[in-house]
Ligand code: 0RA
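Numbering (the working numbering), first residue to last: 20 to 291.
Shown next as structure tokens:
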């Protein structure tokens with residue numbers, strides 16, 4: 020009998036255990052982020068950036084700065100309202116801790132802002148936290164700078180007030196866990212390609228990226244014409260036979276929700 024079959028035969032009630040909280044994510048990372056290779060690693064960035072994009076879609080944020088630091092961490096900084104730091108009405112712990120340290124199923128899907136954020140909306144920033152050796156969050160809100168640090172998804176201390184500010188925003192810096200991922204080296208082109216797409220899909224949002232590692236690169240993605248800019252970008256190496264045509268419209272779906280549609284056609288001299 021093979022090893023595998025033995026394991027199956029020994030399967031008992033003891034091994035069927037309901038995992039709670041972020042331990043589940045560390046035990047079965049691929050279930051949450053797809054895989055633990057390069058793709059999964061870069062998925063972490065998307066998870067964090069998507070939250071800032073949501074804040075921008077809600078109309079409270081227009082700039083997102085993504086940095087790759089020399090120490091191997093990645094940070095995402097936005098000028099939105101900042102994650103609330105007060106006590107959560109039902110959970111009785113700070114909302115920030117609820118957002119960072121508990122797995123949330125759904126919740127995002129009932130938001131209007133879901134409509135064009137451009138992605139596989141995800142499993143949330145708490146999964147990124149769980150899969151990081153360290154995470155640092157700085158919230159500027161209510162006139163104060165608040166900070167908290169987590170290790171493997173758990174707070175190491177209560178939220179600390181670091182000083183005063185009249186700005187608002189959320190800064191999240193994470194250190195992907197090398198015991199989880201095959202490699203923890205972020206590839207700038209892989210990350211920035213995705214950031215460019217997000218900027219095309221979300222006109223009016225300025226996405227800045229900065230690589231502080233060796234041969235650092237930096238840039239800004241900001242496309243005021245959205246989809247039209249995107250079509251021109253992918254059509255860059257072709258000769259266009261007409262200017263791209265952009266169609267926009269909206270309608271109501273069967274449950275009364277608004278559906279917005281944008282279509283852009285380009286005609287060029289290529290064969291395909
Ligand atoms: C929940 C409520 C509010 C803001 C956010 C979440 C928020 C989350 C993230 C994650 C990254 N950037 C973010 N910015 C905001 C605000 C509720 C209020 O102020 O009324």
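Positions of the beta carbon are idealized from the N, C-alpha and C atoms, including for glycine. Computed from a predicted model, the values in this text were never measured in an experiment.
(request) Decide if residue 266 is buried, meaning its Cβ has at least 16 other Cβ atoms within 10 Å, or exposed. (result) Counting from 1 along the chain shown, the entry for residue 266 is found at position 247. Of the residues assessed, residue 266 falls on the exposed side of the cut-off, its CB having fewer than 16 other CB atoms within 10 angstroms.
(request) Return the CA-CA distance between residue 177 and residue 167, expressed in angstroms with no decimal places. (result) Numbered from its first residue, the chain shown carries residue 177 at position 158. Numbered from its first residue, the chain shown carries residue 167 at position 148. Computed Cα separation, rounded: 7 Å.
(request) Would you kindly check if the distance between the Cβ of residue 261 and the Cβ of residue 240 is under 7 Å? (result) As a working mapping, residue 240 is identified with position 221 in the chain shown. As a working mapping, residue 261 is identified with position 242 in the chain shown. Taking 7 Å as the cut-off, the Cβ atoms of residue 240 and residue 261 do not count as close.
(message) When you compare the CB positions of residue 85 and residue 228, do they come within less than 7 Å of one another, or not?
(response) Position 66 of the chain shown holds residue 85. Position 209 of the chain shown holds residue 228. Against a cut-off of 7 Å, the Cβ pair of residue 228 and residue 85 comes out as a contact.
(message) Cutting at 6 Å between CB atoms, please list the residues of its own chain near residue 96, excluding the five before and the five after it.
(response) Translated into the one-based positions of the chain shown, residue 96 becomes position 77. Here the set comprises 84 and 190.
(request) Would you mind working out which of 184, 76 and 238 sits nearest residue 212, comparing C-alpha positions? (result) In the chain shown, the residue the question calls residue 212 occupies position 193. Of 184, 76 and 238, the residue nearest in Cα terms is 238.
(request) Check whether the Cβ of residue 211 sits closer than 6 Å to any heavy atom of ligand 1, and report yes or no. (result) Looking up residue 211 in the chain shown gives position 192. It does not: the Cβ of residue 211 is nowhere closer than 6 Å to a heavy atom of ligand 1.
(request) Assign residue 114 to one of three DSSP states: helix, strand, or coil. (result) Along the chain shown, read from residue 1 onward, the residue named residue 114 stands at position 95. Residue 114: helix per DSSP, three-state reduction.
(message) I'd like to confirm something about residue 102: is its beta-carbon nearer than 6 Å to some heavy atom of ligand 1, or not?
(response) Sequence index remark: in the chain shown, residue 102 carries index 83 (1-based). It does: the Cβ of residue 102 is within 6 Å (strictly closer) of some heavy atom of ligand 1.
(request) Assign residue 352 to one of two classes, buried (16 or more other C-beta atoms within 10 Å of its C-beta) or exposed (fewer than that). (result) Residue coverage of the chain in this structure runs from 20 to 291, which leaves residue 352 outside it and unanswerable.
(request) Taking 7 Å as the cut-off, decide whether the C-beta atoms of residue 88 and residue 209 are in contact. (result) For this step, residue 88 is matched to residue 69 along the chain shown. For this step, residue 209 is matched to residue 190 along the chain shown. In this structure, residue 88 keeps its C-beta atom at 7 Å or more from the C-beta atom of residue 209.
(request) Output the residue ranges of the alpha helix (DSSP H) runs that lie fully inside the stretch 178-260 and measure 4 residues or longer, sorted by chain position. (result) The qualifying runs are 207-220 and 245-253.
(message) According to DSSP, is residue 147 part of a helix, a strand, or is it coil?
(response) Taking the first residue of the chain shown as position 1, residue 147 is located at position 128. In the three-state reduction of the DSSP assignment, residue 147 falls in the helix class.
(request) Tell me residue 152's beta-bridge partners as DSSP assigns them. (result) Here residue 152 corresponds to residue number 133 of the chain shown, with the count starting at 1. In DSSP, residue 152 forms no bridge with anything.
(request) Between the Cα of residue 98 and those of 246, 52, 152 and 76, spot the shortest distance and give me the residue it belongs to. (result) On the chain shown, position 79 is the one that residue 98 refers to. With distances taken between Cα atoms, residue 98 lies closest to 76.
(message) Suppose the cutoff is 6 Å on Cβ atoms and the five residues either side in sequence are ignored; what does the same chain contact list for residue 246 look like?
(response) Mapped onto the chain shown, residue 246 falls at position 227. So the qualifying residues of the chain are 281 and 283.
(request) Compute the minimum distance between the beta carbon of residue 81 and the heavy atoms of ligand 1, and state whether it is under 6 Å. (result) The residue given as residue 81 occupies position 62 in the chain shown. The closest heavy atom of ligand 1 lies 6 Å or more from the beta carbon of residue 81.
(request) Check the DSSP bridge columns for residue 169 and list the partner residues they point to. (result) The count along the chain shown starts at 1 and reaches residue 169 at position 150. The partner list for residue 169 (beta bridge, DSSP) reads 154 and 174.
(request) Could you check the C-alpha separation between residue 201 and residue 123 for me, to the nearest Å? (result) Here residue 201 corresponds to residue number 182 of the chain shown, with the count starting at 1. Here residue 123 corresponds to residue number 104 of the chain shown, with the count starting at 1. Their backbone Cα atoms lie some 26 Å apart in a straight line.
(request) Look at the alpha carbon of residue 46 and the alpha carbon of residue 196, and state the distance between them as a whole number of angstroms. (result) Here residue 46 is taken as the residue at index 27 of the chain shown, counted from 1. Here residue 196 is taken as the residue at index 177 of the chain shown, counted from 1. Their backbone Cα atoms lie some 13 Å apart in a straight line.
(request) Check the C-beta distance from residue 242 over to residue 218 and give it rounded, since I have them as a contact under 8 Å. (result) The count along the chain shown starts at 1 and reaches residue 242 at position 223. The count along the chain shown starts at 1 and reaches residue 218 at position 199. So it is a contact: roughly 6 Å between Cβ atoms.
(request) Give the C-beta separation of residue 104 and residue 145 to the nearest angstrom, bearing in mind that I take them to be a contact with Cβ-Cβ under 8 Å. (result) The residue labelled residue 104 in the question sits at position 85 within the chain shown. The residue labelled residue 145 in the question sits at position 126 within the chain shown. Taking C-beta atoms under 8 Å as the contact rule, residue 104 and residue 145 fail to qualify, at a distance of about 16 Å.
(request) Use the C-beta contact count for residue 278: other C-beta atoms within 10 angstroms, 16 or more gives buried, fewer gives exposed. (result) Position 259 of the chain shown holds residue 278. By the 10 Å Cβ count, residue 278 comes out exposed.
(request) Could you check the C-alpha separation between residue 116 and residue 50 for me, to the nearest Å? (result) Taking the first residue of the chain shown as 1, we reach residue 116 at position 97. Taking the first residue of the chain shown as 1, we reach residue 50 at position 31. For residue 116 and residue 50, the distance between alpha carbons rounds to 23 Å.
(request) Might you give, ordered along the chain, the residues of its own chain that have their beta carbon closer than 6 Å to the beta carbon of residue 143, omitting 5 neighbours on each side? (result) Looking up residue 143 in the chain shown gives position 124. Hits under 6 Å: 123.
(request) Determine the extent of the alpha helix (DSSP H) in which residue 84 is found, giving its start and end residues. (result) Within the chain shown, the letter at position 65 stands for residue 84. Bounds of any alpha helix (DSSP H) do not take in residue 84; it lies within the beta strand (DSSP E) bounded by 82-87.
(request) Give the DSSP-derived three-state secondary structure of residue 73 in the structure shown. (result) For this step, residue 73 is matched to residue 54 along the chain shown. Of the three classes helix, strand and coil, the one that applies to residue 73 here is helix, per DSSP.
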